[in-house]
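Everything below concerns the one structure shown next.
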Amino acid sequence: LLAGDDTCRYLISSGRFLGENVWQPYSCMMHKYKSSEAGTCLRDQHLTFVGDSRIRQLFYAFLKILNPQIKEQGIKV
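Here the sequence shown stands for residues 639 to 715, where the numbers follow this note's numbering.
Below, the structure is given as structure tokens:
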């Protein structure tokens, strides 16, 4: 990527599917963290998720990495 390039557009338009709903951009290797790895990495860290229903979906996806038994909850509008 060149300085000033729109990295989001590049990551979305340049890649391939690795399976059902798994997008792999050509420019980076994304690691799928196991629950234990994520827990170790995030120990003693504070995270804040701020946003709308899309961020809520990312939040619950994040929680499922830490604990696959988590069920999505909350008020649906």
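The beta carbon of each residue, even a glycine, is placed where N, CA and C say it ideally should be.
Can you name the start and end residues of the beta strand (DSSP E) that residue i belongs to?
i, result
"Q683", "First-last for Q683: undefined, no H or E at that position."
Any idea which residues DSSP pairs residue i with across the strands?
i, result
"R692", "Paired residues: none, contrary to the question."
"F655", "W661"
Helix, strand or coil: how does DSSP classify residue i here?
i, result
"E710", "coil"
"Y698", "helix"
Only counting the same chain, and skipping five residues up and downstream in sequence, which positions put a Cβ closer than 8 Å to that of residue i?
i, result
"L656", "Q662"
"C666", "L649"
Leaving aside the five residues before and after residue i along the sequence, list all residues of the same chain whose C-beta is less than 6 Å from its C-beta, in chain order.
i, result
"E710", "Y698"
ask   = Between the stretch 689 to 696 and the stretch 670 to 680, are three or more C-beta pairs nearer than 8 Å?
value = no
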